[in-house]
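To keep things clear, I will list the structure first and then write my remarks on it.
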Amino acid sequence: MLTRNQTGTRKPKQFLAATTPSLPPLPKSTRQALENPLWRAAMFEEHTALLRNQTWDLVPPSPTQHVLSCKWLYRIKTKSDNTIDRFRARLVARGFQQRPGIDYGDTFIPVLKPTTLRIILSLAVTNHWPICQLDIANAFLHGTLTDEVFMQQPPGFIDPQRPHHVCRLKKSLYGLKQAPRAWFHCLRQALEDYGFKGSKTDTSLFILNKGTLRVYVLVYVDDILITGNQPTRLQEVFDYFQQHFAVRDLGRLSFFLGIEAVWAPQGLLLSQQKYILEILKRAKMSNANSISTPAAVSTTTPDITPFEDASLYRQIVGSLQYLQFTRPDISHAVNYCAQHMHQPLQHH
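Residue numbers (the UniProt record's numbering): 1 to 348.
Below, the structure written as structure tokens:
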């Protein structure tokens with residue numbers, strides 16, 4: 001195996017701010033959100049998308065209906081440098097009120113394997129293929145429901161002519177147990193109609209083989225990567241997505257699943273700096289000093305005092321396991337920490 005030093009590959013210089021930019025606080029209620037023009041615009045955008053997609057029909061209430069409640073969730077999406085990208089408001093159903101076997105059935109959805117992502121990126125970089133990135137807006141709203149589900153009208157957007165009616169959902173909605181599965185089935189059907197076939201080893205990978213044409217589509221919920229050996233055909237695939245879904249063109253691969261991609265003449269440099277800063281902030285170690293090795297190089301008397309927040313410990317270790325995607329050097333140390341998830345101590 002050739003190292004970066006042997007091939008002459010140099011890590012590009014990155015200049016970062018010394019502190020993470022502070023973000024405005026999230027609204028604590030629907031009323032508070034509607035008073036802010038930025039959040040109000042985000043809510044109207046979401047509600048308009050729901051109506052345009054014919055997500056529900058308003059029907060009179062009935063004693064036989066099991067009506068779910070709903071709420072608005074607010075989030076500020078940031079770029080890889082932590083600057084604000086956009087304000088996001090999302091209407092979610094309270095899926096925990098659903099009854100298994102009555103309001104929903106199967107809920108499983110495949111998740112992209114890290115190994116698959118590495119292989120496809122390596123294949124694209126080796127052959128100098130372009131890697132396009134896109135995002136499906138309101139992805140879960142495209143899935144069709146096969147179960148009968150009723151929900152209250154969205155807070156702040158109650159129909160003045162029919163204030164007591166309830167929503168009979170026709171399309172899936174965020175928060176529903178079956179929503180991710182319904183969306184994936186919808187996307188898979190669209191890709192198969194175009195000619196793609198799902199990989200037998202990873203159902204989140206779709207492959208198009210036609211003569212000398214090779215196109216690969218990687219799917220992680222609503223985040224999609226497209227690469228292949230003919231750039232003009234990649235544009236045709238992108239246009240096909242636009243015909244079926246509301247697509248945001250994110251251009252060349254730069255930030256995917258918390259992974260920053262920096263293009264260099266020698267290849268593609270992957271890092272997770274933003275993700276690392278988030279882990280440090282969650283662990284309250286933003287001001288910690290750096291060290292040259294992932295684990296201690298000398299033996300000290302261990303502190304056997306139980307760690308005060310075992311749940312936080314498990315969250316941090318889980319995050320570090322994902323960080324191994326671009327930092328394989330920490331694998332041994334993370335594996336050691338993962339062995340003590342059941343009863344973490346202070347020295348862990």
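C-beta atoms are modelled at their ideal positions from N, C-alpha and C, and glycine is treated no differently.
DSSP three-state assignment for residue i, whether helix, strand or coil
i: Ala18; result: Residue placement at Ala18 is flagged as unreliable, the pLDDT there being 46, under the threshold of 50; the coordinate-derived value follows with that caveat. Coil.
i: Tyr174; result: coil
i: Cys337; result: helix
i: Asp263; result: Reading off the sequence, residue 263 comes out as Trp, not Asp. Of the three classes helix, strand and coil, the one that applies to Trp263 here is strand, per DSSP.
i: Arg94; result: coil
i: Trp39; result: helix
i: Val237; result: helix
i: Ile316; result: helix
i: Thr326; result: coil
i: Phe256; result: strand
i: Thr146; result: coil
i: Val125; result: helix
i: Asp159; result: coil
i: Arg86; result: strand
i: Ser311; result: helix
i: Ile109; result: coil
i: Pro60; result: coil
i: Pro306; result: strand
i: Met1; result: Its pLDDT being 45, under 50, Met1 is placed unreliably in this model, and the value from its coordinates should be taken loosely. Coil, per DSSP.
i: Lys274; result: helix
i: Gln133; result: strand
i: Phe196; result: coil
i: Arg99; result: coil
i: Lys77; result: strand
i: Gln189; result: helix
Residue burial classification, residue i (beta-carbon count within 10 angstroms, cutoff 16)
i: Glu46; result: buried
i: Arg118; result: exposed
i: Glu148; result: exposed
i: Leu234; result: buried
i: Gly101; result: exposed
i: Ile84; result: exposed
i: residue 397; result: In the structure as shown, the chain starts at 1 and stops at 348, and residue 397 therefore has no counterpart that could be examined.
i: Val297; result: exposed
i: Gly336; result: Note on residue identity: the sequence assigns Tyr, not Gly, to residue 336. Exposed, by the Cβ-count rule.
i: Leu16; result: With a pLDDT of only 48 at Leu16, under the threshold of 50, the placement of this residue in the model should not be trusted; the figure read from the coordinates follows. Leu16 comes out exposed.
i: Asp329; result: exposed
i: Asp193; result: exposed
i: Asp239; result: exposed
i: Leu173; result: buried
i: Leu23; result: exposed
Beta-carbon proximity of residue i to residue j, cut-off 8 Å
i: His142; j: Pro61; result: no
i: Lys171; j: Thr144; result: yes
i: Gln324; j: Val334; result: yes
i: Thr30; j: Pro155; result: yes
i: Gln153; j: Cys167; result: yes
i: Arg188; j: Gly175; result: no
i: Asn229; j: Arg214; result: yes
i: Leu268; j: Asp223; result: no
i: Leu270; j: Ala261; result: yes
i: Phe307; j: Gln346; result: yes
i: Pro110; j: Ser204; result: yes
i: Pro25; j: Ala33; result: no
i: Lys77; j: Arg88; result: yes
i: Leu169; j: Trp56; result: yes
i: Ser331; j: Ile279; result: no
i: Ile120; j: Tyr220; result: no
i: Ala283; j: Ile316; result: yes
i: Pro160; j: Thr227; result: no
i: residue 397; j: Ala93; result: In this structure the chain extends from 1 to 348, so residue 397 is not present and cannot be described.
i: Met341; j: Arg314; result: yes
i: Ala310; j: Gln321; result: no
Identity of the residue in the options nearest residue i by Cα
i: Leu225; options: Asn36, Gln133, His340, Arg52; result: Gln133
i: Leu191; options: Thr201, Gly175, Tyr174, Asn209; result: Asn209
i: Phe44; options: Ser22, Ile158, Ile131; result: Ile158
i: Thr107; options: Leu51, Arg86, Thr146; result: Thr146
i: Leu218; options: Gly211, Phe206, Thr212; result: Phe206
i: Leu250; options: Asp135, Trp39, Ile291; result: Asp135
i: Val59; options: Gln339, Tyr322, Phe150, Tyr313; result: Phe150
i: Lys200; options: Thr116, Arg327, Tyr275, Arg52; result: Thr116
i: Ser122; options: Gln266, Arg52, Pro37; result: Gln266
i: Pro294; options: Ala310, Arg327, Arg314; result: Arg327
i: Phe196; options: Leu23, Asn53, Val237; result: Val237
i: Trp39; options: Leu51, Tyr74, Ser22; result: Tyr74
i: Pro37; options: Lys79, Arg86, Gln54, Arg52; result: Arg86
Touching by the beta-carbon criterion (3+ pairs, under 8 Å), the segment 169 to 183 and the segment 123 to 140: yes
Under 8 Å: do the segment 238 to 246 and the segment 122 to 129 share three or more Cβ pairs, one atom per stretch? No: fewer than three Cβ pairs fall under 8 Å.
Evaluate contact between the segment 64 to 75 and the segment 92 to 110, counting only Cβ atoms and requiring at least three cross-stretch pairs below 8 Å. yes
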